[in-house]
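The structure under discussion appears below in the form of structure tokens.
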Amino acid sequence: MNLLLTISFSSVASGIHNWLVSTIPNELLAKSVEMVIAGICLLLFLVPLCFILGYMERKVAGFMQMRYGPNRVGPYGSLQIVADTVKLVMKEGLTPTGSDKFLFNLAPVIMVVTCMLVLAPIAFAKDFQIWDINIGVLYVSAISSLAVIGILMAGWSSYNKYSLLGAMRSGAQIVSYELSVGLSLISIVILTGSLKMSDIVMSQETGWWIIRGHIPVIISFVIFVIASTAEINRAPFDLAEAEQELTAGFHTEYAGMKFAMFLLAEYINLFIVSAIAATLFLGGWMPFHIGHWQEFNHIMDFVPSSLWFLGKTFFIIFIIMQFRWTFPRLRVDQLLTLEWKYLLPISMVNTILVTVMAIMGWHF
Amino acid sequence: MSPSTIIFYLLAAVIIGGALMAVTSLKIFRSAVFLLFSLIGIAGLYFYLDYEFIAAVQVIVYVGGIVVLIIFSIFLTHGSGEDMKRPHWIRAVYSALAAAFGCILTMFYISQYTFTTSGKPAVEPSAGNIGAQMLSTTGHGYILPFEVVSMLLLAAMIGCIVIAIKVKIPPHELLAEKTDNDSMEMTEPILANTQTEI
Amino acid sequence: MFLTDYIRTVYKGVRSLLTGMKTTGYYFTHARKEIKTEEYPDNRATLTMFDRFKGEVVMPHDENNEHRCTGCQACEIACPNGTIKIITKQELQPDGKKKKAIDTFVYHLELCTMCNLCVVACPSDAIKMAQTFEHSVYDKKQLKKVLNNPGSKIMEGVE
Chain V
1 MNLLLTISFS SVASGIHNWL VSTIPNELLA KSVEMVIAGI CLLLFLVPLC FILGYMERKV
61 AGFMQMRYGP NRVGPYGSLQ IVADTVKLVM KEGLTPTGSD KFLFNLAPVI MVVTCMLVLA
121 PIAFAKDFQI WDINIGVLYV SAISSLAVIG ILMAGWSSYN KYSLLGAMRS GAQIVSYELS
181 VGLSLISIVI LTGSLKMSDI VMSQETGWWI IRGHIPVIIS FVIFVIASTA EINRAPFDLA
241 EAEQELTAGF HTEYAGMKFA MFLLAEYINL FIVSAIAATL FLGGWMPFHI GHWQEFNHIM
301 DFVPSSLWFL GKTFFIIFII MQFRWTFPRL RVDQLLTLEW KYLLPISMVN TILVTVMAIM
361 GWHF
Chain C
365 MSPSTIIFYL LAAVIIGGAL MAVTSLKIFR SAVFLLFSLI GIAGLYFYLD YEFIAAVQVI
425 VYVGGIVVLI IFSIFLTHGS GEDMKRPHWI RAVYSALAAA FGCILTMFYI SQYTFTTSGK
485 PAVEPSAGNI GAQMLSTTGH GYILPFEVVS MLLLAAMIGC IVIAIKVKIP PHELLAEKTD
545 NDSMEMTEPI LANTQTEI
Chain F
563 MFLTDYIRTV YKGVRSLLTG MKTTGYYFTH ARKEIKTEEY PDNRATLTMF DRFKGEVVMP
623 HDENNEHRCT GCQACEIACP NGTIKIITKQ ELQPDGKKKK AIDTFVYHLE LCTMCNLCVV
683 ACPSDAIKMA QTFEHSVYDK KQLKKVLNNP GSKIMEGVE
């Protein structure tokens with residue numbers, strides 16, 4: 001039992017690191033091997049994650065619409081998503097005539113690569129993250145702005161008016177909602193005084209920001225969740241792929257493996273957004289602590305940090321899924337009104353509030 | 365050749381290759397995408413120098429902002445899907461000469477300058493340090509340029525609002541305008557409406 | 563004034579969104595109670611269709627093999643797409659008078675849209691809608707049905 005408690009992701013990672021450094025004499029080679037191992041681990045984590053998210057999405061949708069969801073393949077329909085993946089992989093990867101073939105094939109790759117890059121600074125457990133870069137939050141918002149290029153590229157190169165319209169819409173949407181996302185991230189950066197993910201998590205040792213920062217942080221949390229739902233093109237902001245108007249928007253022409261890559265990118269983006277919200281507002285892997293009440297905090301520490309992180313992340317994923325199955329899709333003008341007339345002014349005022357609060361020390 | 369040099373040459377190849385392809389490609393959208401690769405390569409160069417802050421800013425401003433803006437304007441341009449005409453060879457020669465001149469001039473001045481190494485320990489380029497330096501009023505502070513740029517951006521923002529604002533036409537003027545039928549099409553509020561409906 | 567309006571809009575918006583989320587949240591947490599799905603092939607033995615379901619037109623006969631159809635052809639006229647064809651005959655009454663009666667009541671299920679107009683038009687309630695729905699067959703000819711049983715006759719007292 002004692003042994004089990006001491007095993008954590010960070011000890012396994014540092015063990016592998018030490019073993020590699022001691023067995024491989026060339027430092028560069030050791031580092032490259034470590035990077036490859038990290039990449040493979042990430043893939044081994046992401047593919048099952050996408051299966052779980054796909055299954056979860058269908059079940060949540062089913063229950064919220066008074067249906068069962070998938071319940072034929074495997075126990076409780078849990079293998080349905082595997083069957084769907086096999087079907088997608090077996091399909092022919094079409095490239096339509098008249099399309100720009102180079103860009104058409106490049107777009108899904110860009111989408112997936114961008115997602116993978118954003119995963120680097122996310123802390124999955126205590127001392128367990130790929131790259132603790134000192135500008136963590138800024139890095140995340142910088143790289144995630146690349147995703148819009150993939151969408152624009154896919155829309156343009158498909159040689160299809162629906163794709164082009166979808167790409168245009170999603171471009172306008174992502175560019176405008178990036179502002180509110182940035183401003184709501186800044187409120188936590190102001191309170192923490194650092195952009196580094198590990199610093200942000202450590203600053204929540206005496207309580208998560210959403211509790212310590214009370215009203216202003218709750219407002220920026222709500223704004224972050226709404227704006228990032230728009231950023232990842234999920235319903236009710238799925239204008240870029242509005243089925244009823246644009247068939248499937250920017251990925252109308254994609255089939256088979258390339259379509260699967262878009263799907264993969266969509267689910268990884270969902271995970272990333274939820275993970276960032278969990279890290280910034282709900283303390284990441286930090287267990288639920290109340291101030292300096294040592295006994296209580298110590299009891300909470302018995303739950304592994306990775307479980308805390310995944311629990312919070314899946315809670316936010318669930319909320320975003322509930323958005324999708326509750327709210328009707330916005331019109332384009334309503335979408336822009338929501339951002340420019342409501343979210344942006346509110347988050348600007350809120351940033352000032354947070355700054356005043358941080359200076360005066362009005363948080364717990 | 366050390367691995368660090370290999371990475372440097374790879375990045376340089378991406379930057380120069382992307383730039384050349386951007387200039388020589390006949391499809392305007394492809395040019396924009398190659399420009400994007402070139403700019404990402406520059407961001408990679410900053411990462412290579414361990415200067416992450418500038419790298420992230422490079423990505424946000426150039427890739428997320430300017431290239432997206434360029435692509436948007438390409439989308440809105442008429443006939444942008446067709447191949448462009450090949451430029452006249454004299455133009456190509458002149459622009460190559462101009463580029464070469466700029467390149468030689470820069471390299472000449474760089475070779476003239478003797479870079480001195482400082483004995484001081486390196487300052488960590490964290491957000492806190494950069495912010496403090498940006499707003500410091502001492503000799504090496506950047507408060508003046510920072511504020512000037514802020515004023516410029518504020519002016520640009522106000523200008524945007526003034527252009528985009530919806531002018532309410534009083535009902536009697538609207539009636540007067542209805543008599544001359546065609547001029548209605550081009551009045552300002554209608555233009556403002558079309559801008560929001562992308 | 564402007565500010566209060568603005569805040570009121572935001573408040574109303576947030577409240578209505580939360581109401582929606584409460585509803586879906588209730589459905590999610592009470593899934594076992596709320597799910598309405600009929601798992602059709604599995605519950606075939608116990609499945610009962612709802613009252614208003616219209617599957618096909620049938621002509622009920624009583625135990626004496628008697629129906630209520632007078633052969634007035636009101637249903638044939640009422641049908642918008644010619645689903646019903648009634649072939650009539652002249653039947654000799656016991657008192658020596660001839661009377662119109664049906665020979666065959668032909669019903670083309672493949673043309674029927676279950677619009678219920680024939681049932682509404684019938685003056686003597688001779689036909690009604692049944693709740694069957696497993697209609698698929700291998701041959702189109704099997705969809706042409708004769709509704710009156712062989713040897714049946716009209717019920718006493720139905721005019």
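Protein chains in written order, with our numbering: chain V, 1 to 364; chain C, 365 to 562; chain F, 563 to 721. C-beta: ideal position from N, C-alpha, C; glycine also.
Asked: Helix, strand or coil: which one does DSSP assign to I649 (chain F)?; Found: strand
Asked: Going by DSSP, name the residue or residues bridged to T666 (chain F).; Found: F:I649
Asked: Could you tell me the alpha carbon to alpha carbon distance between E653 (chain F) and C677 (chain F), rounded to whole angstroms?; Found: 32 Å
Asked: Within the segment 454-526 of chain C, note down every full beta strand (DSSP E) run reaching 3 residues or more, in order along the chain.; Found: none
Asked: Please work out which residues of its chain come closer than 8 Å, Cβ to Cβ, to A125 (chain V), disregarding the five sequence neighbours upstream and downstream, and give them in chain order.; Found: S8, F9, S10, W285, P304, S305, S306 and F309
Asked: Would P367 (chain C) count as contacting chain V if we go by Cβ distances under 7 Å?; Found: yes
Asked: Tell me whether L374 (chain C) counts as near the ligand MG, meaning its Cβ is closer than 6 Å to at least one heavy atom of that ligand.; Found: This structure simply doesn't include the ligand MG, nor any ligand for that matter.
Asked: In whole angstroms, what separates the C-alpha of L679 (chain F) from that of C637 (chain F)?; Found: 8 Å
Asked: By Cβ distance below 8 Å, which residues in the same chain neighbour G74 (chain V) in space, the five residues on each side in sequence not counted?; Found: Q80 and V82
Asked: Inspect the CB distances between the segment 229-237 of chain V and the segment 11-30 of chain V and report whether three or more fall short of 8 Å.; Found: no
Asked: Does the Cβ of R450 (chain C) have 16 or more other Cβ atoms within 10 Å, making it buried, or fewer, making it exposed?; Found: exposed
Asked: Does the CB of F590 (chain F) have a neighbour CB from chain A at under 7 Å?; Found: The structure shown contains no chain A; its protein chains are V, C and F.
Asked: For the alpha helix (DSSP H) holding A377 (chain C), just list the boundary residues, first then last.; Found: P367 to T388
Asked: So with Cβ pairs under 7 Å, would you call M563 (chain F) a contact of chain V?; Found: no
Asked: Is G171 (chain V) helix, strand or coil by DSSP?; Found: helix
Asked: Could I get the ranges of all uninterrupted alpha helix (DSSP H) runs contained in the segment 7-46 of chain V, with 4 residues as the minimum, in chain order?; Found: 9-23
Asked: Could you name the residues of the same chain whose beta carbon sits closer than 6 Å to that of Q283 (chain V), not counting the 5 residues immediately before and after it, in chain order?; Found: The identity of residue 283 (chain V) in the sequence shown is Gly, whereas the question assumes Gln. Answer for G283 (chain V): Q204 and W208, listed in chain order.
Asked: Please tell me whether E672 (chain F) and L709 (chain F) are closer than 7 Å, where the distance is taken between their beta carbons.; Found: no
Asked: Nearest-angstrom Cα distance between R614 (chain F) and Y700 (chain F)?; Found: 28 Å
Asked: Any Cβ of chain F within less than 7 Å of the Cβ of Y68 (chain V)?; Found: yes
Asked: I'd like to know if I424 (chain C) contacts chain V, where contact means its C-beta is closer than 7 Å to some C-beta of that chain.; Found: yes
Asked: What residue does the beta strand (DSSP E) around A692 (chain F) start on, and which one ends it?; Found: K690 to A692
Asked: Return the first residue and the last residue of the beta strand (DSSP E) that E618 (chain F) is part of.; Found: E618 to V620
Asked: Quick check: what's the CA-CA separation for T645 (chain F) versus F667 (chain F)?; Found: 11 Å
Asked: Between L335 (chain V) and chain C, is any beta-carbon pair separated by less than 7 Å?; Found: no
Asked: Check each candidate in V:N71, V:H292, V:K59 and V:S141 and name the one with the smallest Cα separation from V175 (chain V).; Found: V:S141
Asked: Give me the Cβ distance between A688 (chain F) and R594 (chain F), rounded to the nearest whole Å; I'm assuming they're in contact under 8 Å.; Found: At roughly 45 Å, the Cβ-Cβ gap does not stay under 8 Å, so A688 (chain F) and R594 (chain F) are not in contact.
Asked: DSSP three-state call for T585 (chain F): helix, strand or coil?; Found: helix
Asked: With H, G and I counted as helix, E and B as strand and the rest as coil, what does DSSP make of F612 (chain F)?; Found: coil
Asked: Would you say E24 (chain V) lies against chain C (beta-carbon separation less than 7 Å)?; Found: A small correction: the amino acid at residue 24 (chain V) is Ile; Glu does not occupy that position in the sequence shown. It does not: the Cβ of I24 (chain V) has no partner Cβ on chain C nearer than 7 Å.
Asked: Under the three-state reduction of DSSP, which class applies to I512 (chain F): helix, strand or coil?; Found: Because chain F spans 563 through 721 in this model, residue 512 (chain F) falls outside it and cannot be assessed.
Asked: Specify the secondary structure class of L413 (chain C) as computed by DSSP and reduced to three states.; Found: coil
Asked: The beta strand (DSSP E) with V708 (chain F) in it runs from where to where?; Found: K706 to V708
Asked: Report yes if the C-beta distance between N627 (chain F) and S714 (chain F) is below 7 Å; otherwise report no.; Found: yes
Asked: Identify the residues that DSSP records as bridge partners of A125 (chain V): which are they?; Found: V:F128
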